[in-house]
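Q:
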Amino acid sequence: MTANQGITFAYIVSLVGGLIILIASILNVVWYSSGAPNFGGYGSFMRGMMDGYHNFMGSYGGSYGFLAGISLVGVICGVIVLMGAIMLRVQPRDHMIWAIVIIVFSAISFVGMGGFFIGAILGIIGGAFDLSIRQIKP
């Protein structure tokens, strides 16, 4: 495998990871900003005896504003991972810097659930793969 194929693989995996982080975090920000219930599943289709205002946790487990704020951290991390992946492709000479940026912000995105954890894992894999390949110097 040549170095260009490795760069392309790292770019694609990091780009997909950043997109997943960004889309899932935007959905979570919209969900929690709308005041939708944060327990009982999306749409409250899993109502049970602990649903409603007198449920086990109430809103003490996490307020809507707090969860929207954490999801906003995920949006910011998703944008930075996307920009890092694009910069891997645009500036291949600085691949180590961009790979480290991708790994760090993919790890930080775990706070906001990291695109259902799949996006964060893909970002870390893409950044680590880019760090592990050798660049052919022109």
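Residue numbers (this note's numbering): 431 to 568.
Where a beta carbon is used, it is the ideal one built from N, C-alpha and C, also for glycine.
Quick check: the Cα distance between residue 537 and residue 524, rounded to an integer number of angstroms?
A: Rounded to the nearest angstrom, the two C-alpha atoms are 20 Å apart.
Q: Which residues in the same chain as residue 503 place their Cβ atom closer than 6 Å to its Cβ, once the five residues preceding and following it in sequence are excluded?
A: Hits under 6 Å: 541 and 542.
Q: By the 10 Å Cβ neighbour count, where 16 or more other Cβ atoms means buried, how is residue 450 classified, buried or exposed?
A: Classification of residue 450: buried, given that the 10 Å Cβ count is 16 or more.
Q: Report buried or exposed for residue 464, applying the criterion of at least 16 other Cβ atoms within 10 angstroms of its Cβ.
A: The residue in question, residue 464, is exposed, as its Cβ has fewer than 16 Cβ neighbours within 10 Å.
Q: How long is the line joining the alpha carbons of residue 452 and residue 546, rounded to whole angstroms?
A: Taking the straight line joining both Cα atoms gives about 11 Å.
Q: For residue 437, name the three-state secondary structure that DSSP assigns.
A: Reduced to three states, the DSSP call for residue 437 is helix.
Q: According to the Cβ coordinates, are residue 549 and residue 444 closer than 8 Å?
A: Cβ distance not < 8 Å, so residue 549 and residue 444 don't count as in contact.
Q: Using the three-state DSSP reduction, which class does residue 464 fall into: helix, strand or coil?
A: Residue 464: coil per DSSP, three-state reduction.
Q: Residue 526 by DSSP, collapsed to three states: which one?
A: Looking at residue 526 - three-state DSSP - the assignment turns out to be helix.
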